[in-house]
Amino acid sequence: MQDVKEYREAIYQAMIAMTDAEGNPLVSAEEAKAILDGFTDEELEDGILYNSPEEVAGFLLLD
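Per the numbering used here, the sequence shown starts with residue 74, numbered consecutively.
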């Protein structure tokens with residue numbers, strides 16, 4: 074199982090790597106950090122077993 078700090082970092086990396094159809098970033102590094110800071114470690118732990126970091130990034134930015 075992944076450590077929650079590693080999971081948080083992987084979500085962050087996935088978020089800043091996401092781009093629109095023209096290749097522009099969907100969020101800045103600062104925006105991605107602010108979004109993730111809104112979640113506690115306990116909240117993120119709930120998703121470790123069920124959602125990949127890329128899936129969580131998609132949920133946070135695209136839904």
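Think of the CB as a built atom: it goes at the ideal place given N, C-alpha and C, for glycine as much as any other residue.
Delimiting residues of the alpha helix (DSSP H) encompassing residue i
{"i": "Y85", "result": "V77 to A90"}
{"i": "L117", "result": "D114 to I121"}
{"i": "E127", "result": "P126 to L135"}
Nearest-angstrom Cβ-Cβ length linking residue i and residue j, presumed shorter than 8 angstroms
{"i": "A107", "j": "M88", "result": "So it is not a contact: roughly 11 angstroms between Cβ atoms."}
{"i": "L109", "j": "Y85", "result": "6 angstroms"}
Option nearest residue i by Cα separation, candidates the options
{"i": "G131", "options": "D76, V77, V100 and E95", "result": "V100"}
{"i": "E127", "options": "D76, L117 and A83", "result": "A83"}
{"i": "V77", "options": "E118, F112 and D93", "result": "E118"}
{"i": "L133", "options": "A94, Q75, G111 and G96", "result": "G111"}
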